[in-house]
Amino acid sequence: MKKKTNSLFLSFVVPVMDEEQTLDALFQGIKNTLYKLDNTIQFEVVFIDDGSTDKSWETMSVLVKKNPSIIKAIKLRRNFGKAHALSCGFKICSGDVVFTMDADLQDAPGEIPKFLEKIEQGYDVVSGWKSNRQDPLSKTLPSKLFNKITAKLTGIPLHDFNCGFKAYKKEVLEGIKIYGELHRYIPVLAQELGFTNTEVSVKHNKREFGVSKYGWERYTRGLVDLLTVLATTRYLTKPGHLFGGLGIGAALSGSLILGYLGILWFMGLGPIGTRPLFFIGILLVILSIQMISLGLLAELITRHNDSGPTDNVISEKQGFE
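Numbering-wise, the sequence shown is residues 6 to 326 according to the working numbering.
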């Protein structure tokens, strides 16, 4: 493993918000793990201060002065969210393999070799799976439900989309733009481009410093972004299938309702014009016409703007200098 690993340059992109007590220990953990693995490995750690109100930036500045050839630090003007912070880190990092880690020390640096083994086996994206998560039930139960829904809808059998401990080949990140809560869906976006996914079980430490920055609202945002991911991956080049499918479903539902009411009217079982079900049927039929029309317009726009495949869908080239 050493012969393969020491030719790689590794980047660790770490978003930070109010984690001044853990930054030094996290860096030492990364450095010690890599030195034990192979003391010739070249690496960098990129800290992104995402609107911290404590002394996180001062701590980063000290670490940069002590390790100027290894550590980089970025300070954002305010809190923009994890996806934006990661995106900033991805733009400036130089590694052949890019790791993402949380700054709270719940991700154990000692697990890094597991990710590298999978990368060496040929996988493009390696996700961590906190199989023994050290968080309260109020966080673990919603997370399990969220992960099962996401795995079912995306068709990617990962156990933990929320885990921030991941490793990517650099070319994966070059073709992906993330915003909102899309950082958790990078494996989905990567697979759509033809990259390969896998996961490794990782140790998860109990939080000792600071407080969690996430609550129930992140699952709501995450589900909305899941719909965005599904729309922009499965249906990006065929929006007519999405809107047309919804329109046909609405048309069938509306037709069944109106057909049922029509039978009641012919059988003389009372007026139907005042029934709420009558208005629902009409609204569904109108909705179906709108959805199908929108799908056709989306198809026309897509075909007009389609510039063909981009380079990031090509896995190899031969015969080019």
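From the three backbone atoms N, C-alpha and C, an ideal C-beta is built for every residue, glycine too.
Same chain only: Cβ atoms within 8 angstroms of residue i, ignoring 5 sequence neighbours per side
i	result
D107	V19, P20, G169 and F170
L158	L231 and L235
T233	G185 and L187
I181	I191, L194, A195 and L198
Pairwise C-alpha distance: residue j and residue i
i	j	result
V69	G133	28 angstroms
F52	I35	13 angstroms
T27	I154	33 angstroms
Q295	L282	20 angstroms
L305	S298	11 angstroms
K7	I117	Residue confidence is low: K7 scores 41 on pLDDT, short of 50, so the model does not pin down where it sits. No coordinate-derived value is stated.
G278	L302	34 angstroms
F248	Q111	42 angstroms
K9	L81	In this predicted model, K9 has a pLDDT of only 48, less than 50, meaning its place in the structure is not dependable enough to derive any value.
D165	L150	10 angstroms
K211	S12	34 angstroms
D55	D109	14 angstroms
N84	E25	16 angstroms
L91	T105	8 angstroms
F32	Q126	26 angstroms
M74	S66	The sequence given here has Ser at residue 74, not Met. In a straight line, the C-alpha of S74 is about 13 angstroms away from that of S66.
N152	G250	26 angstroms
G273	I253	30 angstroms
K41	P114	12 angstroms
W62	I291	56 angstroms
L146	L163	16 angstroms
G275	L269	7 angstroms
Residues near residue i in its chain [Cβ-Cβ closer than 6 angstroms; skip 5 each side]
i	result
L15	F48, G100 and V102
G286	G259, I262 and L263
N167	S148 and R189
I76	V50, L68 and V69
Contact under 8 angstroms by Cβ, residue i with residue j
i	j	result
H89	Y184	yes
I79	C93	yes
H244	G300	Checking the displayed sequence, the identity of residue 244 turns out to be Pro instead of His. Yes. Within cutoff.
A256	S206	no
T64	D23	no
K123	T203	yes
L266	R280	yes
A172	F120	yes
F17	V50	yes
Boundaries (first-last residue) of the beta strand (DSSP E) holding residue i
i	result
S136	First-last for S136: undefined, no H or E at that position.
L15	F14 to V21
I53	Q47 to D54
Nonlocal neighbours in the same chain, by C-beta distance under 7 angstroms from residue i, ignoring five residues either side
i	result
F200	D129, V130 and V177
N137	H209
F325	Because F325 carries a pLDDT of 48, less than 50, the predicted location of this residue cannot be relied on, and no value is offered for it.
K60	E25
First through last residue of the alpha helix (DSSP H) which encompasses residue i
i	result
Y40	L28 to L42
E204	From DSSP, E204 is part of no alpha helix (DSSP H) but of the beta strand (DSSP E) over N202 to S206.
T64	S61 to K71
For the region 73-122, list the alpha helix (DSSP H) runs that are entirely contained and at least 4 residues long, ordered along the chain. 87-97
Taking only runs of the alpha helix (DSSP H) that begin and end inside the region 236-307, which ones reach a length of at least 4 residues, in chain order? 244-271
Run through the region 158-190 for me and flag every whole beta strand (DSSP E) of 3 or more residues, listed as ranges in chain order. 171-174
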